[in-house]
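Residue numbering for the sequence shown follows numbering that gives the first Met the number 0, beginning at 0 and increasing consecutively.
Quick reminder that beta carbons are idealized off the backbone N, C-alpha and C, glycines included.
Contents: one structure, followed by commentary.
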Amino acid sequence: MRETYDVIVAGCGIAGLSAAVSAMQEGARVLVVERAPREERGGNTRYTDAYMRMKSSTDVADDFIDHLAANSGPGYIFPDLMAEVVKPRDNWPPQLKSLNFSDPDLIQTFADSAGPTIRWLESFGIRFGMLPIWHLTGHTERFAPSGGGLALIEALAKHAEDHHVQFAYQTCAHTLIQNGKGAVVGLRTLEADARSREYKAKAVVLACGGFEGNFEMLARYLGPQAIYLRPLAKGGYYNKGEGIRMALDIGAAPSGDYSNFHASPADPRSGKPDAANYIFPYGILVNRFGKRFIDEAPGPVDRTYENITREIFRQPRNMAYVILDAKLRDVPGYTRAIRTDQKPEEASTIEDLATRLGLPREVLAQTVREYNTACGRGRFAPLEMDGLSTLGLSPPKSNFAR
């Protein structure tokens, strides 16, 4: 294996493979460094359905830019500094360049590049389409590859292998190598037997994910509750945060929200990838004390599930239970929203259910009584926002309140 390359890519998910194949197509000699063994390569991409906010192979969803901007807000920044954003980036003051916010031009470029990127992926034989989604209520389109993220990994990795891109599996990217002027000129790695190895390169691409597999970094950035967080897919355990650490170690400016994360409500009993549960709008959510803590149906589930999951994260042991009754069967296709392979706990009374779940019997019974009393009258329309809400209940339930 060559010890000197034009480009070294750390990570073998869709970001890393896209970078590697793109560089190869431009004539570069490329090495991909991947912590996982070959049969588990692909990181989180390997396990995802890879739904994208696009309404066709050429156009992003109508709310794409606004939604991305709203979820990457800068917090409270001096207004005069933010006003400088409208100027060309080369004219930004130094303070602005170091701030933690998403550049509007970057978001626009991301949106403009989505269609051409899909067409580039199609050139490797990957097929895309408007595939069925598990959210029963939605507000935006979803576009996905046939075969999910695994199809992306297999197609790009095979193309890379066929065109002499080198792979170093079970190898951890450890340290960026710099020359005397501070430029990055290579990468130091640790192999499976803990031996260190150095590779020289004209460029190093860090595409090795976040830190969801590193409990020390989770606790540092998200707090002690993070001990109960679990990656949605096993591939996340390979993401130890080395890419972030390496960049910060040589003086890179931190960007992004280190205290937040993409979130889905998952069944911790299941070993199935993405064992998510999106059925909660049709019942009530209670914490380990047997109490409701949030509006379960404030809007379409595909727009609200992340915020609701983050509120679950704030509950004791990051845990919530969705309580449903037999009227769930009135919801067309409801099983599509339950992705776990584990059976639900069932009981003939609320008190017995509380015992099975280890919740306070009287508290859960009181929670259900208060909810039932607060349910208003109206038409139940399970596949749209029906406005069937509670009255005088805190927190309220805005839809599907039966």
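- request: Express the C-alpha separation of Thr-57 and Val-300 in angstroms, rounding to a whole number.
  value: 25 angstroms
task: Return the Cβ separation of Met-23 and Ala-159 in integer angstroms, given the expectation that the two are a contact with Cβ distance under 8 angstroms.
output: 6 angstroms
message: Using only the alpha-carbon positions, how far apart do Arg-376 and Met-51 sit?
response: 37 angstroms
query: According to the Cβ coordinates, are Arg-45 and Leu-149 closer than 7 angstroms?
result: yes
field: Whole-angstrom C-beta distance between Phe-210 and Asn-238, which should lie under 8 angstroms
entry: 6 angstroms
- prompt: Any idea what DSSP makes of Pro-115, helix, strand or coil?
  reply: helix
Best match in Ser-269, Phe-166, Met-216 for proximity to Arg-244 [C-alpha to C-alpha]: Met-216
message: In this structure, how does DSSP classify Gln-341 when only helix, strand and coil are distinguished?
response: coil
message: I'd like the ranges of any alpha helix (DSSP H) spanning at least 4 consecutive residues and lying wholly in the region 103 to 187.
response: 103 to 121, 147 to 161
- request: Look at the alpha carbon of Phe-379 and the alpha carbon of Lys-396, and state the distance between them as a whole number of angstroms.
  value: 13 angstroms
task: Using the Cα positions of Tyr-405 and Val-184, report the straight-line distance between them to the nearest angstrom.
output: No answer is possible for residue 405: it lies beyond the span of the chain, which begins at 0 and ends at 401.
- prompt: Does the distance from the CB of Leu-95 to the CB of Leu-80 come in under 7 angstroms?
  reply: yes
- prompt: DSSP state of Val-8, grouped into three classes?
  reply: strand
- request: Below 8 angstroms on the Cβ atoms is my guess for Val-204 versus Leu-175; work out the distance and round it to an integer in Å.
  value: Actually they do not touch by this definition, with Cβ atoms about 11 angstroms apart.
message: Tell me the rounded alpha-carbon separation between Arg-196 and Tyr-236.
response: 23 angstroms
query: On the premise that Asn-43 lies in contact with Ala-232, defined as a C-beta separation below 8 angstroms, what is that separation, rounded to the nearest angstrom?
result: 5 angstroms
- prompt: Rounded to the nearest angstrom, how far is the Cβ of Ile-64 from that of Gln-107, given a contact under 8 angstroms?
  reply: 7 angstroms
message: In the DSSP assignment, the alpha helix (DSSP H) including Ala-82 goes from what residue to what residue?
response: 78 to 82
- prompt: CA-CA distance, Asn-317 and Arg-302?
  reply: 21 angstroms
message: Just verifying my parser: in three-state terms, what is the DSSP assignment at Leu-98?
response: coil
Member of Ala-27, Asp-48, Ala-49, Ile-13 whose CA lies at the smallest distance from the CA of Glu-33: Ile-13
message: So, with DSSP's three-state summary, where would you put Asn-398?
response: coil
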